[in-house]
Amino acid sequence: MATISGDGDPTAPVPPVVNDPNSMPATKEEKPLPKLSASEFRQYNRMAEHMNYFHDNFRATWKVLYGACEAQKRPKDMSIRQFISMGQQFCHHLTVHHTIEEQHIFPVLAKKMPAFKKELELLTQHKQIHKGLDKLEKYLED
């Protein structure tokens, strides 16, 4: 989660890689997943591949923002206005992305995959991300 340092600058930990089993918290023993037909597998896998495109883009943008903050230097050939705009776009796009996931993608996936049910980890992760994201957005606007 992002925080504001003593000198007023936002700080944030590097987010974990989503599919890294070592970065995921221990969960209760889950029931075996229902078998998917070949058609269902293609449908759900297509969604996963499509969403991964967006996740990779968010990770790449975050890496640029985080790296510049850590180095205390903007990327070459990027004005301060462009850098701030990149941060603001990141905040806006991630908010829209999470809204789409929560309202349209997760309910479909939850039908066959318990990890996507509302009471579980992913919505909690989104809420934690947005606490920091709100602070970052406010910092960029000021």
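Just so we're aligned, residue 248 is where the sequence shown starts under the working numbering, counting upward by one.
Note that beta-carbon positions come from the ideal geometry of N, C-alpha and C, so glycine has one too.
Q319 - DSSP class collapsed to helix/strand/coil = Taking the sequence shown and counting its residues from 1, the one referred to as residue 319 is at position 72. For Q319, the three-state secondary structure derived from DSSP is coil.
Near Q335, which residues of its chain fall below 8 Å by C-beta distance, leaving aside the five closest residues on each side in sequence?
-> Sequence index remark: in the sequence shown, residue 335 carries index 88 (1-based). So the qualifying residues of the chain are E384, L387, E388.
Whole-angstrom C-beta distance between I331 and M298, which should lie under 8 Å = Mapped onto the sequence shown, residue 298 falls at position 51. Mapped onto the sequence shown, residue 331 falls at position 84. Taking 8 Å as the upper bound for CB-CB distance, M298 and I331 are not in contact here, some 27 Å apart.
Beta-carbon separation of L370 and F363 under 7 Å?
-> Numbered from its first residue, the sequence shown carries residue 370 at position 123. Numbered from its first residue, the sequence shown carries residue 363 at position 116. No, these two residues do not count as a Cβ contact at 7 Å.
Secondary structure of P279, DSSP reduced to three states = Working through the sequence shown from its first residue, we reach residue 279 at position 32. Of the three classes helix, strand and coil, the one that applies to P279 here is coil, per DSSP.
For Y313, which of M333, P279, V343, A295 has the nearest alpha-carbon?
-> Here residue 313 corresponds to residue number 66 of the sequence shown, with the count starting at 1. Closest by alpha carbon: M333.
Start and end residues, alpha helix (DSSP H) containing E348 = Here residue 348 refers to the residue found at position 101 when the sequence shown is read from its first residue. Per DSSP, E348 is not a residue of any alpha helix (DSSP H), being assigned neither H nor E.
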